[in-house]
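What follows is a set of notes on a single structure, which appears directly below.
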């Protein structure tokens with residue numbers, strides 16, 4: 139996967155390597171034991187806040203899917219930082235929308 143990104147960087151279609159904003163063991167456990175995606179959404183959001191604090195001069199593009207709290211994490215990002223931080227959001231639909239955590 140990263141070789142594709144490297145090619146895009148090389149031909150100036152992408153200016154930097156993407157960064158993964160994962161959940162963690164605790165948030166994964168909350169889902170596995172209780173079916174609760176909220177801790178995962180919050181962890182991904184906290185990861186973004188930390189990343190944004192390092193690069194506040196850039197706007198960011200968030201790419202996720204509708205399977206593991208990315209939609210809710212993106213909602214938190216836009217609610218707190220607005221378009222000054224998150225230029226656009228892309229969500230790959232990997233399950234029915236009505237199964238998406240945070241989708242209304």
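In the numbering used here, the protein residues as written are 139 to 242. Using N, Cα and C, we set each Cβ at its ideal position, and we do this for glycine too.
Checklist entry - Of the residues 149, 157 and 174, which one's Cα is nearest the Cα of residue 164? => result Among 149, 157 and 174, the Cα nearest to that of residue 164 belongs to 174.
Checklist entry - So which of 209, 213 and 191 has the shortest CA-CA distance to residue 232? => result Selected option, being the one with the closest Cα: 209.
Item to check | Paired residues, beta bridge with residue 227 - DSSP | outcome: In the DSSP assignment, the residues bridged to residue 227 are 200.
Item to check | Cβ contact (3+ pairs, closer than 8 angstroms) linking the region 189-203 and the region 166-180 | outcome: The region 189-203 is not in contact with the region 166-180.
Item to check | Beta-carbon gap between residue 142 and residue 159 smaller than 9 angstroms | outcome: No, the pair does not count as a contact, with Cβ atoms beyond the cut-off.
Item to check | Same chain, Cβ closer than 7 angstroms to residue 205, five either side skipped, listed in chain order | outcome: Around residue 205: 232 and 233.
Item to check | Alpha-carbon to alpha-carbon, residue 226 and residue 176 | outcome: C-alpha of residue 176 to C-alpha of residue 226: approximately 22 angstroms in a straight line.
Checklist entry - Whose CA, out of 207, 217, 211 and 186, lies closest to the CA of residue 238? => result Here the closest residue by C-alpha is 207.
Next on the checklist: Out of 192, 230 and 178, which one is the CA nearest neighbour of residue 214?
Outcome noted: The candidate whose alpha carbon is nearest that of residue 214 is 178.
Item to check | residue 216 burial status per 10 Å Cβ neighbour count (16 or more: buried) | outcome: With fewer than 16 other Cβ atoms from the protein chains shown falling within 10 Å of its own Cβ, residue 216 counts as exposed.
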